[in-house]
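**Q**
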Amino acid sequence: MYVAATNRVDIMNGAILTPRAAALERIKALVLDTLPSPESKRAYGQALDDFFRWCGAEVAGGFTKATVNAYRADLEARRLSSSTINQRLSAIRKLAMEAADNGFMLPEQASAISRVKGAKQSGIRTGQWLTREQAERLISVPNPATLKGARDRALLAALIGCGLRRREATTLSVEHIQLRDARWTIVDLIGKGGRVRTVPMPSWTKHAIDAWMAGSGIDGGLVFRSMDKAGRVIGRSMTARSVFEIVHCAGATIGVPNLAPHDLRRTFAKLAHKGKAALEQIQLSLGHASVTTTERYLGVRQDLSDAPCDHLGLTIEVPR
C-alpha cells in the first residue's frame with residue numbers, strides 16, 4: 003500500500019481521509035491545470051468540491067470504483083439532470099487519472115474508476131428561450147439614465163443581439179468592435195475551444211454599447227467592467243457570476259424565473275431561425291464546430307409551432 007506524504011491527500015488503496023484544505027486544492031489543481039477554458043475549470047472545480055464534501059460527510063471507505071458508484075447514486079437521488087451527473091462523473095474520472103499519473107494512486111484503481119458508467123440521457127433537453135416580445139422587454143428593464151443601467155442594458159443587448167457566451171461578453175474589448183462591409187461586427191472573437199469567429203452586431207446593440215461607453219468614459223480595453231457600490235466603474239472585467247445575476251434579476255422582472263445567460267444565447271438562435279436566417283449562418287455566429295450541434299441546439303427537427311399533434315384532425319369537446 004502506498005503511504006502518502008503528510009502534505010498529500012491519501013487516496014491510495016484506502017480512505018479519502020479528512021484532508022487539509024491546501025491538500026485538497028493541490029489535487030484539484032492537477033485536474034484544473036489540464037483544462038483549456040475558464041468555463042471548464044469552473045464546472046470541474048465545482049464538481050470536485052461537491053464530491054469532496056460528499057466524501058467527507060458520507061464515506062469512510064476510500065476513493066474506489068464503489069465509492070464513485072455510490073456518489074452517482076446519490077446524484078440520481080438528488081434528481082439532477084443526466085448532463086449534470088455526467089459532467090460531475092467526468093471530473094471525477096479526470097481526478098483519478100491525474101492522481102495516478104502523479105503517483106497518488108495505482109493505475110489499476112484509476113482505470114477502474116474511469117469505467118464508472120454515466121447516466122443515460124434520452125433525447126435532447128429543449129431548454130428555455132424568450133419570445134421576441136419578452137426579449138424586447140428584458141433589454142428595456144435596466145434604466146439607461148443610470149450608469150449601471152446603461153451597462154446592464156448594453157450587456158443584455160450584446161447577449162441577445164450577438165448570441166455571446168457570458169465569458170465572451172466579459173472579455174469583449176472595444177478593439178473587437180469594427181466596421182466590416184458597412185456593418186458593425188465583433189472581429190476575431192475567441193470562443194469555446196479556442197475557435198475564432200466574427201459576429202455581426204445589430205445596430206440596437208451597438209447603440210446600447212455606445213451609450214454605456216460614452217457615460218463611463220471607456221474608449222479602449224474591456225467593454226463591460228465591474229462597478230463598485232457607489233456606482234463607479236472599476237477597471238477589472240465583470241465576473242461570470244455578476245453577468246448571471248443581471249440576467250436572472252431582469253428575467254424575474256419580466257416574469258421569467260430562473261433565466262440564465264445561456265438562455266439569451268438560445269434566444270438569439272431561436273429568433274434568428276424563426277426569422278428565416280440560414281442555419282449555417284446561425285452556426286457561424288454561435289461559433290459551433292458543426293452545423294449538427296446547431297441543429298441539436300435549436301431542436302429544429304421538432305417544430306413546436308407546426309407540430310404533428312396539430313394535424314391529427316380530431317375535434318374534442320372541452321368541458322366548460
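Counting from 1 along the sequence shown, just add 2 to a position and that's the residue number in the numbering used here.
Note that CB positions come from ideal geometry on N, CA and C, so glycine has one too.
No experiment lies behind these values; they were computed from the predicted model shown.
(1) Going straight from the alpha carbon of C164 to that of S84, what length do you get?
(2) Taking 8 Å as the cut-off, decide whether the C-beta atoms of A160 and L166 are in contact.
(3) What ranges does the beta strand (DSSP E) occupy inside the region 97-147, keeping only unbroken runs of at least 3 residues that lie completely in it?
(4) Would DSSP call D212 helix, strand or coil?
(5) Using three-state DSSP, classify D265 as helix, strand or coil.
(6) Could you tell me the alpha carbon to alpha carbon distance between R102 and I29, rounded to whole angstroms?
(7) Alpha carbon to alpha carbon, how far is L224 from S175?
(8) So, for V5: in the same chain, excluding its five sequence neighbours on each side, which residues have a beta-carbon less than 7 Å away from its beta-carbon?
(9) Which stretch, first to last residue, makes up the alpha helix (DSSP H) that contains R238?
(10) Could you tell me the alpha carbon to alpha carbon distance between L261 and T294, rounded to whole angstroms?
(11) Please return the same chain residues whose Cβ sits closer than 6 Å to the Cβ of V70, not counting the five positions on each side in sequence.
(12) Helix, strand or coil for D52, going by three-state DSSP, please let me know.
(13) So, L269 versus I162, is the Cβ gap smaller than 8 Å?
(14) Go ahead and pull the three-state DSSP assignment for I179.
(15) Could you tell me which residues DSSP puts in a beta bridge with N187?
(16) Beta-carbon separation of H209 and D190 under 8 Å?
(17) I need the straight-line Cα distance from E2 to T148, nearest angstrom please.
(18) Output needed for A45: all residues of its chain with C-beta closer than 7 Å, excluding positions within five of it in sequence on either side, in chain order.
(19) Is I284 helix, strand or coil by DSSP?
(20) For D230, collect the residues of the same chain with a Cβ closer than 8 Å to its Cβ; drop the 5 residues on either side in sequence, then sort them by chain order.
(21) How should A137 be labelled, buried or exposed, when 16 other C-beta atoms within 10 angstroms of its C-beta is the threshold for buried?
(22) For the region 32-39 against the region 99-113, are there 3 or more C-beta pairs whose distance is under 8 Å?
(23) Strictly under 8 Å for the Cβ-Cβ distance: is R117 near chain B by that measure?
(24) Per DSSP, R227 is paired with what?
(25) Taking all protein chains shown into account, do 16 or more other C-beta atoms lie within 10 angstroms of the C-beta of D154, making it buried, or fewer, making it exposed?
(26) Buried or exposed: where does L266 fall if 16 or more other Cβ atoms within 10 Å of its Cβ makes it buried?
(27) Got a sec? Which residues, its chain only, sit under 6 Å from R238 by beta carbon, not counting five neighbours each side?
(28) Kindly indicate the opening and closing residues of the alpha helix (DSSP H) around K150.
**A** With the structure as the only source:
(1) Position 162 of the sequence shown, counted from the start, is the residue given in the question as residue 164. Position 82 of the sequence shown, counted from the start, is the residue given in the question as residue 84. Between C164 and S84, the C-alpha separation is close to 29 Å.
(2) Here residue 160 corresponds to residue number 158 of the sequence shown, with the count starting at 1. Here residue 166 corresponds to residue number 164 of the sequence shown, with the count starting at 1. Between A160 and L166, the C-beta spacing is below 8 Å.
(3) Taken in chain order, the complete beta strand (DSSP E) segments of 3 or more residues contained in the region 97-147 number zero; there are none.
(4) On the sequence shown, residue 212 is found 210 positions in, with the first residue counted as 1. In the structure shown, the three-state DSSP call for D212 is helix.
(5) Position 263 of the sequence shown, counted from the start, is the residue given in the question as residue 265. Note: D265 maps to helix in three-state DSSP.
(6) To locate residue 102, count along the sequence shown from 1; it is residue 100. To locate residue 29, count along the sequence shown from 1; it is residue 27. Residue 102 is actually Ala in this sequence, not Arg. Cα to Cα, A102 sits roughly 11 Å from I29.
(7) Sequence index remark: in the sequence shown, residue 224 carries index 222 (1-based). Sequence index remark: in the sequence shown, residue 175 carries index 173 (1-based). Spanning the two alpha carbons is a distance of roughly 4 Å.
(8) For this step, residue 5 is matched to residue 3 along the sequence shown. With a pLDDT of only 31 at V5, under the threshold of 50, the placement of this residue in the model should not be trusted; the figure read from the coordinates follows. Once the five neighbours on either side are set aside, V5 has no close Cβ partner at all.
(9) For the purposes of this step, residue 238 is taken as residue 236 along the sequence shown, with counting starting at 1. Counting along the chain, no alpha helix (DSSP H) covers R238; the unbroken beta strand (DSSP E) around it starts and ends at V235 to S239.
(10) Along the sequence shown, read from residue 1 onward, the residue named residue 261 stands at position 259. Along the sequence shown, read from residue 1 onward, the residue named residue 294 stands at position 292. Spanning the two alpha carbons is a distance of roughly 25 Å.
(11) The sequence position of residue 70 within the sequence shown is 68, counting from 1. Excluding positions up to five away in sequence, the list reads I94, I115 and V118.
(12) Sequence index remark: in the sequence shown, residue 52 carries index 50 (1-based). The DSSP-derived three-state label of D52 is helix.
(13) For the purposes of this step, residue 269 is taken as residue 267 along the sequence shown, with counting starting at 1. For the purposes of this step, residue 162 is taken as residue 160 along the sequence shown, with counting starting at 1. Looking at the sequence provided, one finds Thr at residue 269 rather than Leu. Contact flag set, yes.
(14) The residue labelled residue 179 in the question sits at position 177 within the sequence shown. Three-state DSSP puts I179 in a strand.
(15) On the sequence shown, position 185 is the one that residue 187 refers to. Residue identity check: residue 187 is Thr in the sequence provided, not Asn. Under DSSP, T187 takes part in a beta bridge, and its partners are Q180 and P202.
(16) As a position in the sequence shown, residue 209 is number 207, starting the count at 1. As a position in the sequence shown, residue 190 is number 188, starting the count at 1. At a Cβ-Cβ threshold of 8 Å, H209 and D190 do not count as neighbours.
(17) For the chain, the structure presents residues 3 to 322; residue 2 sits outside this window and is missing.
(18) For the purposes of this step, residue 45 is taken as the residue at position 43 of the sequence shown. The answer, listed in chain order, is Q89.
(19) As a working mapping, residue 284 is identified with position 282 in the sequence shown. Here I284 sits in helix by DSSP.
(20) The residue you call residue 230 lines up with position 228 of the sequence shown. Only residues of its own chain outside the window of five on either side were considered, and among them I236 have a CB closer than 8 Å to the CB of D230, listed in chain order.
(21) For the purposes of this step, residue 137 is taken as residue 135 along the sequence shown, with counting starting at 1. Counting C-beta atoms within 10 angstroms of its own C-beta, A137 has 16 or more neighbours from the protein chains shown and is therefore classed as buried.
(22) Using a C-beta cut-off of 8 Å, the region 32-39 makes contact with the region 99-113, since at least three inter-stretch Cβ pairs fall below that distance.
(23) Protein chain content of the structure displayed is limited to a single chain, and chain B is not contained in it.
(24) If you number the sequence shown from 1, residue 227 lands on position 225. Beta-bridge partners assigned by DSSP to R227: S239.
(25) In the sequence shown, the residue the question calls residue 154 occupies position 152. It counts as buried.
(26) Within the sequence shown, the letter at position 264 stands for residue 266. L266 counts as buried, since no fewer than 16 other beta carbons sit within 10 angstroms of its beta carbon.
(27) For the purposes of this step, residue 238 is taken as residue 236 along the sequence shown, with counting starting at 1. The answer, listed in chain order, is S228.
(28) Locating residue 150 in the sequence shown gives position 148, counting from the first residue. L149 to C164 is the extent of the alpha helix (DSSP H) around K150.
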